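Engineer: One structure is given below, represented as structure tokens, and several questions about it will come after.
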Amino acid sequence: MPGPAAILRELHRLRKHAADLQGELDRGPLRLKAQEAKLAKQEEAYRLAHEAVKHLKVAIHEKEVSLKAKHQLLAKREKQLDEASGKEYEALQREIQHEKEACSRLEDEILAALAEVESKTAQLPEIERIAKKAREEHAQFVLDVQAKRHQVMEMLADVHRQLTEVEEKLADDERAAYNRLVASMGADAMASVVGRSCQACYTEITVAMLQNLQQERFVACKSCGRLLYLAASPSPPADD
Ligand SMILES: [Zn+2]
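If you use our numbering, the sequence shown corresponds to residues 287 to 526, in order.
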């Protein structure tokens, strides 16, 4: 039957593996959230691009209505000009000039807006393509995450089965101490010793502690409290 060193070494390895797998499971929702944010950004870009074209078209319509009204007013004033004289004639002329300039500005603005609608409309298919691709990627991502999650959960269940098997090899009093530490420190409840140094806190253990470890006794680091085991080393040469 292996002593505590071999058992603790194996338990430490399994506990670390289980913690890594659990970490992977815990990161799943975060990765999903990041992916959802990416999709939402693409959907928003698509919505805004459509909105921009819609707003431009509304603005063009309003300018066209306003231009039509100005043309009607101009026609009226030009008719009045035929019958006017003196100061009234000059005032009408000034007003007509002013309105003509306003019409010209409106026409320029309408032309510019029409060109903008055309260019923005031309961009829509590409924006739509990107949004569609983002939706497809997202759907695939969700499937992948689910498949991976399933796989990791199976691996984790397997590691827990192995842990239970190995933990049964500990003596009852050792297992009680081990369980207490694992409950509070998880995979960090154990540490290997290289030379005379605890590999978790790098405190040097006493010679007596080292001897206890060599005699396969249960030893806890006096500094960090972890259960210690000697790091695996090549088998010592057989006695002659
Ligand atoms: Zn330590």
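We treat Cβ as the ideally placed atom computed from N, Cα and C, and that holds for glycine. Computed from a predicted model, the values in this text were never measured in an experiment.
Can you check whether the CB of residue 310 is closer than 9 Å to the CB of residue 434?
Structural biologist: Locating residue 434 in the sequence shown gives position 148, counting from the first residue. Locating residue 310 in the sequence shown gives position 24, counting from the first residue. Closer than 9 Å, so yes.
Engineer: What does residue 478 pair with, by DSSP beta-bridge criteria?
Structural biologist: Start at 1 with the first residue of the sequence shown, and residue 478 comes out as number 192. BP columns for residue 478 point to 515.
Engineer: Does residue 454 come out as helix, strand or coil in the three-state DSSP assignment?
Structural biologist: Sequence index remark: in the sequence shown, residue 454 carries index 168 (1-based). DSSP places residue 454 in coil when its eight states are reduced to three.
Engineer: Skipping 5 residues on each side, what residues in its chain have a beta carbon closer than 7 Å to that of residue 332?
Structural biologist: Locating residue 332 in the sequence shown gives position 46, counting from the first residue. Excluding positions up to five away in sequence, the list reads 413, 414, 417.
Engineer: Note down the Cα distance separating residue 514 from residue 505, rounded to an integer number of angstroms.
Structural biologist: By 1-based counting over the sequence shown, the position of residue 514 is 228. By 1-based counting over the sequence shown, the position of residue 505 is 219. In a straight line, the C-alpha of residue 514 is about 6 Å away from that of residue 505.
Engineer: Shortest alpha-carbon distance to residue 395 belongs to which of 457, 343, 501?
Structural biologist: The sequence position of residue 395 within the sequence shown is 109, counting from 1. Answer by Cα proximity: 343.
Engineer: Do you know offhand how far residue 322's Cα is from residue 387's?
Structural biologist: Taking the first residue of the sequence shown as 1, we reach residue 322 at position 36. Taking the first residue of the sequence shown as 1, we reach residue 387 at position 101. Each residue's Cα considered, the two are about 52 Å apart.
Engineer: When DSSP builds the beta bridges, which residues end up paired with residue 505?
Structural biologist: What you label residue 505 is simply residue 219 of the sequence shown in a count that begins at 1. According to DSSP, residue 505 bridges with 514.
Engineer: Near residue 460, what residues of its chain come up, given a Cβ to Cβ distance below 7 Å and the 5 sequence neighbours on each side ignored?
Structural biologist: Counting from one through the sequence shown, the residue named residue 460 turns up at place 174. Here the set comprises 290, 504.
Engineer: Quick check on residue 294: buried or exposed, where buried means 16 or more other Cβ atoms within 10 Å of its Cβ?
Structural biologist: Taking the sequence shown and counting its residues from 1, one reaches residue 294 at position 8. With 16 or more other Cβ atoms within 10 Å, it is buried.
Engineer: At a cut-off of 8 Å, would you count residue 478 as near ligand 1, judging by its Cβ distance to the nearest heavy atom?
Structural biologist: On the sequence shown, residue 478 is found 192 positions in, with the first residue counted as 1. Residue 478 Cβ: outside cutoff for every heavy atom of ligand 1.
Engineer: Among 296, 476, 510, which one has its Cα closest to the Cα of residue 487?
Structural biologist: If you number the sequence shown from 1, residue 487 lands on position 201. Looking at the Cα atoms, 510 is the closest of the given residues.
Engineer: DSSP on residue 371, reduced to helix/strand/coil?
Structural biologist: If you number the sequence shown from 1, residue 371 lands on position 85. Here residue 371 sits in coil by DSSP.
Engineer: By a C-beta neighbour count over all protein chains shown, 10 Å radius and 16 as the cutoff for buried, is residue 526 buried or exposed?
Structural biologist: The residue labelled residue 526 in the question sits at position 240 within the sequence shown. Its pLDDT being 45, under 50, residue 526 is placed unreliably by the model, and the measurement read from it follows with that caveat. Taking a 10 Å sphere around the C-beta of residue 526, we find fewer than 16 other C-beta atoms and assign the residue as exposed.
Engineer: For residue 445, is the classification buried or exposed, using 16 other Cβ atoms within 10 angstroms of its Cβ as the cut-off for buried?
Structural biologist: Your numbering for residue 445 matches position 159 in the sequence shown. Result: buried.
Engineer: Smallest Cα separation from residue 297: which of 383, 353, 473, 440?
Structural biologist: Along the sequence shown, read from residue 1 onward, the residue named residue 297 stands at position 11. It is 473.
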